[in-house]
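Chemist: Residue 67 is where the sequence shown starts when you use our numbering, and the numbers rise one by one after that.
Don't be surprised by glycine CBs; every beta carbon is placed ideally from N, CA and C.
Predicted model, so just to flag it, every value in this text is computed and none were measured.
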Amino acid sequence: MDIDDTNELPVDLNNATNTAETQESSPAQEVGWSIDKGVERENNQDSVATATLNQVSEDEAQSFGVYAVADGMGGHEAGEVASKLAVRTAIRQLMTNVTEIDTEMPDSYQSWLESAVTIANQVVHHKAHEDSNTMGSTLVMAVVVGHDVHIVNVGDSRAYLISPDDIRQITHDQSFVQALLDKGVITPEQAATHPRRNVLLQSLGTNEQVSPDLFSETLDANESLLLCSDGVWNMLGDAEIARIVRAADTPNAACQALVDACNAAGGNDNIAAVLVRLGASSQPSVGNASVG
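1. What does a CB cutoff of less than 6 angstroms around Val97 pick up in its chain, not counting 5 residues either side in sequence?
2. Please state the DSSP three-state secondary structure of Asp222.
3. Threshold first: 3 residues or longer. Then list the beta strand (DSSP E) segments lying entirely within the segment 246-316, N to C.
4. Between the alpha carbons of His191 and Val135, how many angstroms are there, rounded?
5. From Glu283 to Arg107, what distance separates their C-alpha atoms?
6. Buried or exposed: which applies to Ala320, given that a residue is buried once 16 or more other Cβ atoms fall within 10 Å of its Cβ?
7. In this structure, how does DSSP classify Thr165 when only helix, strand and coil are distinguished?
8. Of the choices Ser174, Met201, Gln244, whose alpha-carbon is the least far from that of Glu143?
9. Specify whether the segment 251-258 and the segment 321-332 touch according to this definition: at least 3 beta carbon pairs, one from each stretch, less than 8 angstroms apart.
10. Which of the three DSSP states, helix, strand or coil, is assigned to Val122?
11. Within 7 angstroms of any Cβ in chain D, is that where the Cβ of Val164 sits?
12. Starting from Ala94 and walking both ways along the beta strand (DSSP E), at which residues does that stretch end?
13. Identify whether Asp112 lies in helix, strand or coil by the three-state DSSP scheme.
14. I want to know whether the segment 232-249 touches the segment 154-168 - three or more CB-CB distances under 8 angstroms.
15. State the CB to CB distance for the pair Ala38 and Gly297, rounded to an integer number of angstroms; the pair is presumed to be in contact (CB under 8 angstroms).
16. Helix, strand or coil, according to DSSP, for Ile157 in the structure here?
17. Could you have a look at Thr331 and say whether DSSP puts it in helix, strand or coil?
18. Of the residues Gln235, Ala338, Gln275, Asp335, which one's Cα is nearest the Cα of Ala305?
19. I need the straight-line Cα distance from Asn273 to Ile217, nearest angstrom please.
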């Protein structure tokens, strides 16, 4: 299932004039996403959001992308509400910062990412209090500018960097089982079947304050950046995720193949994936945004 809900985000993101005299341009960002409730779940508590901004001046053309995946928690559709609030609030806040700035874009986006998460946490927490409901959400969000990638994470949705011969998890799960692994109390094999493997140490909305993890990476032209919920990595494992992504011709094909593989393996959880690759350097086109 793929929902295009562009009215929820600013879509008029082109921020300059188009000119034949452009001298430098950043790599174009090729993006795909897919979201599915899985085989066993009755509703989908995962959400995705993507937004791109293309800035063009006489001297350069720069592509700026923001991508997010959230996995909601809570009964009576509260998890679905929480995850949608999380991605929409965080991505809108970040894009607002970018489009309102009147100077050159900063070299570091981590403070913006942290601020966006803080505001998203406040919105989800307020909604839970307003509805007298228990709700929360994970959130992994990436900003891609040229070859630079900045990532923020709360909970156990993940970001991976996939190259032709390797897959590397960028984020560090904020979960009970990960804490046991870090202390050497259990093995990775024990973690896979631990009875408390779904217990999170942090999520958006459950407390008034949240402490996100921040990461910075470099994305090369032959690599892929994957954001996904635990419905992907729990079902497939790293090696299978990497194999599927490498075999796909496009980011959209890769994300749909991940969903299909998860469902074929049992599909016992919601599934959400966003994949980013860098294409050839070119003058960017009009910006776009979508929420699923």
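Modeler: The short version:
1. The residue labelled residue 97 in the question sits at position 31 within the sequence shown. Only Thr116, Pro317, Val342 meet the Cβ criterion.
2. Here residue 222 is taken as the residue at index 156 of the sequence shown, counted from 1. Three-state DSSP puts Asp222 in coil, outside helix and strand.
3. If we require 3 residues or more, the beta strand (DSSP E) runs fully inside the segment 246-316 come out as 279-284, 290-294.
4. For the purposes of this step, residue 191 is taken as the residue at position 125 of the sequence shown. For the purposes of this step, residue 135 is taken as the residue at position 69 of the sequence shown. Using only the alpha carbons, I get a separation of about 18 angstroms.
5. Counting from one through the sequence shown, the residue named residue 283 turns up at place 217. Counting from one through the sequence shown, the residue named residue 107 turns up at place 41. C-alpha separation (whole angstroms): 34 angstroms.
6. Mapped onto the sequence shown, residue 320 falls at position 254. Buried, because 16 or more other Cβ atoms sit within 10 Å of the Cβ of Ala320.
7. Numbered from its first residue, the sequence shown carries residue 165 at position 99. Thr165: helix per DSSP, three-state reduction.
8. Position 77 of the sequence shown holds residue 143. Selected option, being the one with the closest Cα: Met201.
9. no
10. Reading the sequence shown from its first residue, position 56 is the one you call residue 122. Looking at Val122 - three-state DSSP - the assignment turns out to be strand.
11. Among the chains in the structure shown there is no chain D, since it carries only a single protein chain.
12. On the sequence shown, residue 94 is found 28 positions in, with the first residue counted as 1. Unbroken beta strand (DSSP E) run through Ala94: 93-102.
13. For the purposes of this step, residue 112 is taken as residue 46 along the sequence shown, with counting starting at 1. Correct three-state label for Asp112: strand.
14. Under the three-pair Cβ rule at 8 angstroms, the segment 232-249 does not count as touching the segment 154-168.
15. This structure gives no information on residue 38, because the portion of the chain shown stretches from 67 to 358.
16. Against the sequence shown, residue 157 aligns to sequence position 91. Reduced to three states, the DSSP call for Ile157 is helix.
17. Start at 1 with the first residue of the sequence shown, and residue 331 comes out as number 265. One detail in the question is off: residue 331 reads as Ala in this sequence, not Thr. Here Ala331 sits in coil by DSSP.
18. Against the sequence shown, residue 305 aligns to sequence position 239. Here the closest residue by C-alpha is Gln235.
19. Translated into positions along the sequence shown, residue 273 becomes position 207. Translated into positions along the sequence shown, residue 217 becomes position 151. Distance between the alpha carbons of Asn273 and Ile217 is about 22 angstroms.
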